[in-house]
Structures are given as C-alpha cells and as structure tokens.
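Residue numbers (the working numbering): -1 to 316.
Here a beta-carbon is modelled for each residue, glycine too, at the ideal position from N, C-alpha and C.
Predicted model, so just to flag it, every value in this text is computed and none were measured.
Comments concern the structure below.
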C-alpha cells in the first residue's frame, strides 16, 4: 500500500549562471528539493504531495508542470491571485560554495495557510503517513500563520502522522534569533524525526558538537535524530542507540546548493523502504555527494539515472 507524504514549504524560480551573462532557469527550494529526491529514490510505492501556494501567472503554471514532471502530487499546490513565486540566483565560488541573492518578499508561498483556510480543510491533509517541514517553512509565515501551522501539525501527530523537521536556519528570514529559537524548540517538541545540521545549532543554541545536539533533541522528545556535520560525517540516535557514519567522498564539489536537502530526501526514502537509520544515512550521504558534483539543486534526470542504476538503497545498503 502506498505511503502518503505531505511536504510543506516554498518552491522558487532558480537562476544559476552557465557562462558570463547566461543563466539557466529551473525551480527549487529546500523542501521541494527534498520532495524530488525522496520521490526519485523511494523504492516502495509513495505518494508525495507538495503543500504550497503559487500564483495564477504563467511562471506559476510552469512551476506546477515542473512538479508534475517529478511525479509529485500537486493537489495541495494552492493558487493565489495576489502573489507569484519567489526567485533566487546562485553564485558559486571555485570550491563549489554558494551564495544567494533572493527576491522573495512577495512570494506566494507565504500565503499558503490563508489559501488553505479559504480553499481546503483539515481533511485534505488528515491521514498522511508523514508530514515534513523546515525552518524556512516556518520563517516565511506570519506569526499567526505559524501558530496555525503548529496547531495543524499537533493535530496530525495526534492522528498518527509521523512528523519530520529540518531546521535549515536562515537568519535573514527571521525577525531575530530568539523568535527562530522559540519556533525551532516548538517544532522539535512535535517532531518524531529531526534532521538538523550542527552549524544551525552552533548559531542558535551554542552547540559545540553533534553530541550536544543529540542531547538537546533527546531531551525534547525526538525519537529519531540525524545530525549532519559536513565533511565530518553524521551522528545519529534512534531508539536510544547512537551511531555514526562518514561523509561520502566527493571528487569535485561543483555546487553545494541542495546537499542537505538531497540527504534528507534520500534518508527518508531509505527509511520508508524499511532500511535501518544507521544504513539509511550511508545511502543519503552517497546521494548528497553525487548531487554536489552537479550544478543547481535538482540534477537532470539523465545524470541522475546513471547514479540510480548503481546505487539503489536495496542494492547499495547491506
């Protein structure tokens, strides 16, 4: 029986430079990237639904078609007449590290809960097997909409949905660090699975090591915790058992844009396939290593299919 996964957040127009003054246009965003890689790498039947708001303009139509091409359900992509998708431009240095310029102040995704209240009801998301959201999902919402989202998530959790949270802290999106910290603590308190990076916790919670993060989130009641620490690897905890995994070696880092997002998608796909956390992180690290060897957040299907032929979780993970 197919699992139903609801992934909530923002998808934007992505521009990255091919050569001087020539840019390639695509669509991407942290949770959307995760949705794509989860859908592409889940070997068991899975219905991934992307929960967001877009406009009624031509670029929004194009965005919806791009989501559909990834075989992601668009029934929770709601329409607003008063906004359009946000846009960002990627600049990468010689080492593949990226910097961004954003145009997202009037992003349609900020209206997702207003659209939800006007067009749908709780029944539209009730009963999903997994609900995934991020710190960016929280950051783009108004205070009242953020409070409503926490109420929805609490209700989903009570009704049996597994809640997954990735903090993905972006300081520029928050009023201040204290507001972000309070929101993250509330999110973690609802989460069954947490996928933080150590860097986020260094900034917000003064964590020094991945063990500090594991201790904090265990105290908050998170049952399954995966802490990413870049080239230093992964530190995890599940059912009170700890484990570590190495980062996958990369021949040449081209663009780190979706490193964490692809890791999350691969990890959740492997877990949905019944693979234990200590093995799922190995597949996720390999997927992230592949993704950063390519330009842009979403690797083209031709390149991806070559990776997939040799690295299916059931084959790669022993």
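Cβ-Cβ distance between residue i and residue j below 8 Å
i           : j           : result
residue 278 : residue 232 : no
residue 31  : residue 260 : yes
residue 12  : residue 130 : no
residue 245 : residue 229 : yes
residue 224 : residue 190 : no
residue 71  : residue 44  : no
residue 136 : residue 181 : yes
residue 48  : residue 74  : yes
residue 111 : residue 147 : yes
residue 248 : residue 293 : no
residue 102 : residue 10  : yes
residue 124 : residue 91  : no
residue 107 : residue 151 : no
residue 234 : residue 276 : yes
residue 65  : residue 58  : no
Contact set for residue i: own chain, Cβ-Cβ below 8 Å, skip 5 residues either direction
i           : result
residue 134 : 7, 8, 27, 28, 29, 166, 168 and 171
residue 309 : 281, 284, 285 and 288
residue 127 : 1, 2, 3, 159 and 160
residue 99  : 86, 87 and 89
residue 118 : 74 and 76
residue 325 : Only positions -1 to 316 of the chain appear in this structure, which leaves residue 325 out of reach.
Sequence-distant residues of its chain with Cβ nearer than 7 Å to residue i (five each side left out)
i           : result
residue 250 : 291
residue 155 : 161 and 188
residue 69  : 37
Selected residue, minimal CA-CA separation from residue i, among the options
i           : options               : result
residue 267 : 34, 55 and 105        : 34
residue 196 : 81, 113 and 210       : 210
residue 184 : 149, 173 and 208      : 149
residue 241 : 274, 248 and 247      : 274
residue 312 : 199, 39 and -1        : 39
residue 37  : 84, 5 and 276         : 5
residue 193 : 199, 213, 163 and 93  : 163
residue 93  : 254, 173 and 199      : 254
residue 25  : 297, 276 and 120      : 297
residue 141 : 65, 178 and 198       : 178
residue 132 : 198, 114, 122 and 173 : 198
Cβ-based burial, residue i [other Cβ within 10 Å; buried from 16]
i           : result
residue 299 : exposed
residue 317 : Within the shown structure, residues of the chain are numbered from -1 to 316, placing residue 317 beyond reach of any answer.
residue 206 : exposed
residue 327 : Missing from the structure shown is residue 327; the chain here goes from -1 to 316 and no further.
residue 56  : exposed
residue 307 : exposed
residue 23  : exposed
residue 109 : buried
residue 269 : buried
residue 144 : buried
residue 20  : exposed
residue 104 : exposed
residue 116 : exposed
residue 84  : buried
residue 258 : buried
residue 301 : exposed
Contact belief for residue i with residue j at Cβ below 8 Å, rounded distance in angstroms
i           : j           : result
residue 271 : residue 41  : 5 Å
residue 77  : residue 50  : With a Cβ gap of about 10 Å, residue 77 and residue 50 do not count as contacting.
residue 120 : residue 153 : 7 Å
Chain-order list of residues whose beta-carbon lies under 6 Å from that of residue i (same chain, five-residue window excluded)
i           : result
residue 89  : 97
residue 222 : 191 and 236
residue 256 : 31, 289 and 295
residue 227 : 196 and 208
residue 218 : 186 and 187
residue 60  : none
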